[in-house]
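Visitor: Residue numbers (this note's numbering), protein chains in the order written: chain P, 323 to 554; chain R, 2 to 609; chain L, 608 to 899.
This is the structure I want to talk about, given as structure tokens.
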């Protein structure tokens with residue numbers, strides 16, 4: 323396994339956002355983290371990568387304990403996050419954003435911009451435009467590309483489909499499949515069951531900060547328990 | 002209670018006056034030092050209002066002192082005006098200067114406001130230095146000893162008494178305001194401007210009032226002290242004086258007026274006490290301030306109170322005082338504003354909408370956060386609003402409560418269009434709200450939080466209420482009773498005097514509800530009242546909201562992600578997605594609606 | 608008449624170029640770390656004092672003065688950031704702003720304790736006969752300061768815009784979370800931004816020392832002028848700060864030349880006031896590109 327999380331707990335002031343989360347991501351695998359709004363999915367991935375503090379728990383990446391490392395060091399080791407709000411730099415051009423992304427490669431070999439532009443021809447057309455002027459779908463592509471520039475072993479994708487039109491979601495699923503084909507493991511945070519089952523083998527369903535269901539993605543789609551998690 | 006209340010208000014004045022009496026035992030030089038100290042205590046107390054309470058940085062203190070000093074000295078020297086009259090004139094002049102500084106200044110916050118005060122400081126000193134004909138310029142202006150009713154206060158002992166007496170007098174109104182409604186409102190503004198505005202606090206007017214009061218008092222202190230210097234010159238009121246004064250409340254403590262008072266008294270005396278180290282004092286002073294900021298962020302005052310004050314016993318989060326009465330009994334206590342007839346709610350006349358939202362649209366750049374949203378909320382019902390993240394629910398709330406303006410559309414409250422009603426006035430119409438992130442005023446006690454919820458927070462009302470609180474009048478008692486009734490209703494009566502920041506999240510949400518109901522509103526907007534609270538607490542909150550609705554007839558609009566909570570609470574639910582209403586109706590029907598399921602699950606035909 | 612105006616303008620440009628350097632430092636620090644640095648004048652003072660030491664005491668050349676003054680200013684700023692401001696940045700801007708105010712006063716006071724003289728004179732960088740344009744006399748020093756300070760300022764602007772570490776600082780300024788996800792450490796970037804800002808202040812001190820001398824008052828004077836220039840430029844724009852400094856310098860000498868010398872001191876305050884009230888976004892605001 324490439325990424326292992328055990329006993330993760332995240333609190334914000336008096337509020338418990340994630341309680342006792344365990345998960346394991348295999349090399350080249352894809353695991354979906356599902357759940358309704360406020361279930362603690364985003365807090366989980368942000369705590370895993372070190373963007374927000376953990377109150378307890380242990381995260382191992384590629385055999386190393388990264389629990390207490392800051393996010394800027396973790397990404398240099400090859401664990402990237404595509405955040406839900408994309409967190410782009412509006413005044414950077416597409417090209418420059420990719421160069422900034424390459425910084426996260428650290429001493430490892432950075433990704434090549436040509437490769438990214440092959441994957442996303444739309445971005446190649448707009449390589450000199452400002453990130454802030456792109457459409458929502460293009461911004462999402464750019465956020466993924468920025469993460470890919472560091473040649474990560476694992477990408478945490480936080481609700482990549484949020485706010486995207488149906489047609490774009492379909493092409494986006496193809497892209498994620500291509501990324502997987504290159505050997506990158508993916509932890510996918512999703513609300514959308516169908517996208518999750520189209521991409522992931524296994525899934526974990528969270529509600530109110532806790533894991534309420536684990537199993538294969540195919541079983542998840544018609545599971546009454548999950549439906550209850552969403553509507554309870 | 003009444004006695005301690007009076008003590009709170011009079012103690013600083015008594016302390017200052019006692020200090021001057023005690024000083025009579027000292028030698029003449031130390032009497033002079035003590036007079037300096039008392040004067041700095043007044044300045045520190047005045048700065049507590051701006052710096053500790055409103056959390057604004059001002060470096061115009063020196064200018065205000067100069068305005069007071071010259072404002073009193075010039076009439077005495079040039080026009081032979083009696084000292085006390087000149088003192089009053091100087092105080093008024095200081096207030097006017099505060100107004101002139103604050104009216105443009107409060108358009109800004111933090112560093113820009115600090116810059117405006119800096120500019121004011123510099124310009125005042127330049128003007129004083131340049132108007133040589135009037136002020137004597139940099140050579141200085143000699144001032145005679147003050148004469149009051151024929152008596153000449155020329156010795157150090159006489160002057161100390163005069164200084165102590167006048168200082169005690171001038172800080173009294175300041176303490177009344179600081180300990181009263183105005184001070185609480187200022188702290189609410191510093192804690193959370195949006196929440197403060199939603200409860201009727203006009204932020205800018207409060208900040209202007211703070212600058213006017215504090216400038217008047219600082220000018221008065223400058224005017225009292227000036228004759229003792231024998232000769233005054235503009236440069237001794239320069240930027241350095243302002244910055245050193247800024248340290249008084251920061252070092253002394255930001256939690257109460259005492260911080261500024263004691264901080265001023267001690268810090269001003271230090272250079273005289275530590276004469277041998279005079280060269281290093283300024284540096285030590287700076288180190289002291291920076292160390293305070295790093296190690297005791299609340300100043301020494303809060304360090305002292307934090308160490309010595311009896312810590313409230315840590316209660317289990319589930320421990321809760323049981324309301325002693327049924328909720329409709331509270332209403333007679335809470336109904337001090339006479340805003341509603343005291344009666345149990347009538348039949349739910351389902352046809353009359355209390356809130357009518359029609360065609361409301363709001364865009365941020367190219368993002369259309371709310372798009373042509375229309376729905377009605379029937380009086381005395383609970384109306385749910387659900388939808389995925391980013392659906393525009395909170396934006397809609399902010400438009401209804403007036404924090405944001407809509408681009409298009411209209412909100413009618415009981416038939417009145419709200420377009421021109423500023424956010425601060427909406428609470429008086431009978432509308433209140435809670436916030437997504439439990440926006441309690443964390444530095445204030447629970448009961449003070451609820452008192453702000455009464456919404457009697459015009460600057461004038463707040464000032465008058467401060468006096469009422471200080472006098473512990475019948476009206477102040479009624480207000481307090483109302484606040485306690487509201488706290489009792491939500492089960493927090495036993496924690497009334499604790500700081501709101503020390504509550505658990507569930508209790509903070511209860512406190513927000515108490516604050517929202519105490520004004521007996523006709524409708525409450527609740528933004529995610531149970532997000533982040535435990536299952537048990539959520540069940541308790543649901544019972545509470547249902548009871549308030551049933552027994553007070555308060556209408557509610559509730560945003561919540563917890564759908565089972567919403568279904569069991571609401572009479573009707575609207576569902577938003579991507580800025581639009583996609584479904585509306587009875588809770589059970591809405592939850593099973595295909596569109597709604599799609600919005601939540603994303604059951605799109607992606608695999609096709 | 609025209610030659611008098613020309614001389615006044617050139618004199619203004621000389622101080623203006625120094626103000627520009629100071630203001631750019633303030634803006635770099637503000638952009639990258641969201642900290643308004645009222646201690647900036649103390650960094651200028653530090654640079655000026657080091658310049659005095661190198662040029663007058665040790666009798667080394669000016670090049671050594673520039674290098675060491677910028678290093679000293681930069682290191683001082685980095686120490687302030689790492690030692691004092693980093694731990695309190697979690698709190699609110701109130702604590703940070705008040706801390707910088709007192710740090711500035713404290714550093715000037717250390718200088719006062721070290722050097723208890725009224726004013727330290729520093730000889731000018733370049734000697735030689737002045738040049739004449741018509742009747743207008745322009746000293747070689749004026750040309751050297753304007754040219755030198757502008758060159759340093761432009762190098763600073765260019766580094767921020769195009770260099771690799773400049774990209775990191777801009778990323779941090781634009782979106783701290785995004786920058787962290789690109790492997791930029793916020794602590795390292797903050798310290799770097801303070802170093803760069805402080806170094807520019809140090810160089811400003813070197814350029815200022817011959818004209819103003821070295822005094823404790825230099826600290827407040829330069830932070831005021833730097834802020835005025837930054838406010839004129841919009842506070843978030845390096846190019847704006849550069850132009851703002853020049854405008855301020857020229858306005859000061861014009862006021863001194865045509866109104867009264869007392870007006871000279873009031874100009875920066877009046878400009879701050881007018882710009883804040885009339886055009887808070889500054890005269891040269893950075894084009895804001897928003898998320899869509």
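Cβ atoms here follow ideal geometry from the backbone N, Cα and C, with glycine treated the same way.
Report the residue from L:709, L:806, L:859, L:697 whose alpha carbon sits nearest the alpha carbon of residue 612 (chain L).
Guide: Within the third chain, the letter at position 5 stands for residue 612 (chain L). Comparing Cα positions, the closest option is L:859.
Visitor: Can you list, in chain order, the residues of the segment 81-105 of chain R whose Cβ is nearer than 8 angstroms to any Cβ on chain L?
Guide: The residues in question are 105.
Visitor: To which residues of the same chain is residue 393 (chain R) closer than 7 angstroms at the C-beta, ignoring the five residues directly before and after it?
Guide: Taking the second chain and counting its residues from 1, one reaches residue 393 (chain R) at position 392. Taken in chain order, the residues that qualify are 370, 371, 577, 580.
Visitor: Please name the residue in P:375, P:473, P:443, P:332 whose C-alpha comes closest to that of residue 421 (chain P).
Guide: Numbered from its first residue, the first chain carries residue 421 (chain P) at position 99. Of the candidates P:375, P:473, P:443, P:332, the one whose C-alpha sits nearest the C-alpha of residue 421 (chain P) is P:473.
Visitor: In chain order, which alpha helix (DSSP H) runs of at least 4 residues are fully inside the segment 239-278 of chain R?
Guide: Segments of the alpha helix (DSSP H) lying fully in the segment 239-278 of chain R: 240-253, 258-274.
Visitor: At a CB-CB cut-off below 9 angstroms, which residues of chain R make contact with residue 629 (chain L)?
Guide: Start at 1 with the first residue of the third chain, and residue 629 (chain L) comes out as number 22. Near residue 629 (chain L) there are no residues of chain R at all, since even the closest Cβ is about 15 angstroms away, more than 9 angstroms.
Visitor: By alpha-carbon positions, which one of R:75, R:548, R:11 ends up nearest to residue 136 (chain R)?
Guide: Along the second chain, read from residue 1 onward, the residue named residue 136 (chain R) stands at position 135. That would be R:75, whose Cα lies nearest to the Cα of residue 136 (chain R).
Visitor: Does the beta-carbon of residue 682 (chain L), which I'm using as the reference point, lie nearer than 6 angstroms to any heavy atom of the ligand SAM?
Guide: This structure lacks the ligand SAM; in fact it carries no ligand of any kind.
Visitor: When we look at the beta-carbon of residue 740 (chain L) and count the other beta-carbons within 10 Å, is it buried (16 or more) or exposed?
Guide: Translated into the one-based positions of the third chain, residue 740 (chain L) becomes position 133. Exposed: under 16 other Cβ atoms inside 10 Å.
Visitor: Give me whichever residues DSSP pairs with residue 377 (chain R) in a beta bridge.
Guide: The residue given as residue 377 (chain R) occupies position 376 in the second chain. Looking at the DSSP assignment, residue 377 (chain R) forms a beta bridge with R:357.
Visitor: Compute the Euclidean distance between the alpha carbons of residue 269 (chain R) and residue 280 (chain R), then round it to the nearest angstrom.
Guide: Residue 269 (chain R) sits at position 268 when you count from the first residue of the second chain. Residue 280 (chain R) sits at position 279 when you count from the first residue of the second chain. When rounded, the distance between both Cα atoms is 15 angstroms.
Visitor: So the candidates are L:755, L:812, L:827; which of them puts its Cα closest to the Cα of residue 679 (chain L)?
Guide: Against the third chain, residue 679 (chain L) aligns to sequence position 72. Closest option to residue 679 (chain L), Cα to Cα, is L:812.
Visitor: Does any C-beta atom of chain R lie closer than 7 angstroms to the C-beta of residue 843 (chain L)?
Guide: If you number the third chain from 1, residue 843 (chain L) lands on position 236. Taking Cβ atoms only, chain R never reaches closer than 7 angstroms to residue 843 (chain L), which makes this a no.
Visitor: Could you tell me the alpha carbon to alpha carbon distance between residue 319 (chain R) and residue 337 (chain P), rounded to whole angstroms?
Guide: Position 318 of the second chain holds residue 319 (chain R). Position 15 of the first chain holds residue 337 (chain P). Legend: pLDDT at residue 319 (chain R) = 43, less than 50; position of this residue unreliable, value from coordinates given subsequently. When rounded, the distance between both Cα atoms is 14 angstroms.
Visitor: The beta strand (DSSP E) spanning residue 471 (chain P) covers which residue range?
Guide: Working through the first chain from its first residue, we reach residue 471 (chain P) at position 149. Segment: none, residue 471 (chain P) is in no beta strand (DSSP E) and carries neither H nor E.
Visitor: Going by the DSSP bridge assignment, what does residue 727 (chain L) pair with across the sheet?
Guide: What you label residue 727 (chain L) is simply residue 120 of the third chain in a count that begins at 1. Looking at the DSSP assignment, residue 727 (chain L) forms a beta bridge with L:821.
Visitor: List in chain order: all unbroken alpha helix (DSSP H) runs of 4+ residues lying wholly within the segment 491-550 of chain R.
Guide: For the segment 491-550 of chain R, whole alpha helix (DSSP H) runs of length 4 or above, ordered along the chain, are 506-518.
Visitor: Do you know how far the Cα of residue 404 (chain R) is from the Cα of residue 176 (chain R)?
Guide: Residue 176 (chain R) sits at position 175 when you count from the first residue of the second chain. Residue 404 (chain R) sits at position 403 when you count from the first residue of the second chain. If I take the Cα positions, the gap works out to 32 angstroms.
Visitor: For residue 608 (chain L), does the three-state DSSP call read helix, strand or coil?
Guide: To locate residue 608 (chain L), count along the third chain from 1; it is residue 1. It is coil, neither helix nor strand.
Visitor: Pull up the CB-CB distance for residue 753 (chain L) and residue 624 (chain L), whole angstroms please, since I reckon it's below 8 angstroms.
Guide: As a working note, residue 753 (chain L) is residue 146 in the third chain. As a working note, residue 624 (chain L) is residue 17 in the third chain. Rounded, the Cβ-Cβ distance is 5 angstroms, consistent with contact.
Visitor: Would you call residue 650 (chain R) buried or exposed, if buried means 16 or more other Cβ atoms sit within 10 Å of its Cβ?
Guide: Residue coverage of chain R in this structure runs from 2 to 609, which leaves residue 650 (chain R) outside it and unanswerable.
Visitor: Between the segment 806-827 of chain L and chain R, which residues of the former have a C-beta closer than 9 angstroms to a C-beta of the latter?
Guide: Flagged, chain order: 827.
Visitor: Considering only their Cβ atoms, is the gap separating residue 480 (chain P) from residue 405 (chain P) smaller than 7 angstroms?
Guide: Numbered from its first residue, the first chain carries residue 405 (chain P) at position 83. Numbered from its first residue, the first chain carries residue 480 (chain P) at position 158. A contact, by the Cβ cut-off of 7 angstroms.
Visitor: Classify residue 386 (chain R) as helix, strand or coil using the three-state DSSP reduction.
Guide: If you number the second chain from 1, residue 386 (chain R) lands on position 385. It is a strand residue.
Visitor: Do you know offhand how far residue 323 (chain P)'s Cα is from residue 347 (chain P)'s?
Guide: Position 1 of the first chain, counted from the first residue, corresponds to residue 323 (chain P). Position 25 of the first chain, counted from the first residue, corresponds to residue 347 (chain P). When rounded, the distance between both Cα atoms is 6 angstroms.
Visitor: Please report how far the alpha carbon of residue 185 (chain R) lies from the alpha carbon of residue 302 (chain R), in whole angstroms.
Guide: Here residue 185 (chain R) refers to the residue found at position 184 of the second chain. Here residue 302 (chain R) refers to the residue found at position 301 of the second chain. About 18 angstroms.
Visitor: Cβ closer than 7 angstroms: which chain R residues qualify as neighbours of residue 643 (chain L)?
Guide: For the purposes of this step, residue 643 (chain L) is identified with residue 36 of the third chain, where counting begins at 1. The contacting residues are 112.
Visitor: Does residue 732 (chain L) come out as helix, strand or coil in the three-state DSSP assignment?
Guide: As a working note, residue 732 (chain L) is residue 125 in the third chain. Coil.
Visitor: Return helix, strand or coil for residue 556 (chain R), following the three-state DSSP convention.
Guide: Within the second chain, residue 556 (chain R) is the residue found at index 555, counting from 1. Strand, per DSSP.
Visitor: Please go through the same chain and pick out, in chain order, the residues whose beta-carbon is closer than 8 angstroms to the beta-carbon of residue 730 (chain L), but skip the five residues on each side of it.
Guide: Here residue 730 (chain L) refers to the residue found at position 123 when the third chain is read from its first residue. Here the set comprises 662, 663, 817.
Visitor: With C-beta atoms as the reference, is residue 489 (chain R) less than 7 angstroms away from residue 192 (chain R)?
Guide: The residue given as residue 489 (chain R) occupies position 488 in the second chain. The residue given as residue 192 (chain R) occupies position 191 in the second chain. No, the pair does not count as a contact, with Cβ atoms beyond the cut-off.
Visitor: Taking 7 angstroms as the threshold (beta carbon to beta carbon), is residue 506 (chain R) in contact with chain P?
Guide: Counted from its first residue, the second chain places residue 506 (chain R) at position 505. Answer yes: the Cβ-Cβ gap between residue 506 (chain R) and chain P drops below 7 angstroms somewhere.
Visitor: So, helix, strand or coil for residue 327 (chain P), using DSSP?
Guide: Counted from its first residue, the first chain places residue 327 (chain P) at position 5. Residue 327 (chain P) falls in the strand class under three-state DSSP.
Visitor: In whole angstroms, what separates the C-alpha of residue 718 (chain L) from that of residue 649 (chain L)?
Guide: As a working note, residue 718 (chain L) is residue 111 in the third chain. As a working note, residue 649 (chain L) is residue 42 in the third chain. Cα to Cα, residue 718 (chain L) sits roughly 9 angstroms from residue 649 (chain L).
Visitor: Considering Cα atoms alone, identify which of P:471, P:457, P:367, P:413 is closest to residue 438 (chain P).
Guide: Taking the first residue of the first chain as 1, we reach residue 438 (chain P) at position 116. Comparing Cα positions, the closest option is P:471.
Visitor: Compare the C-beta of residue 426 (chain P) with all C-beta atoms of chain L and state if any pair is closer than 7 angstroms.
Guide: In the first chain, residue 426 (chain P) corresponds to position 104, counting from 1. Residue 426 (chain P) counts as touching chain L.
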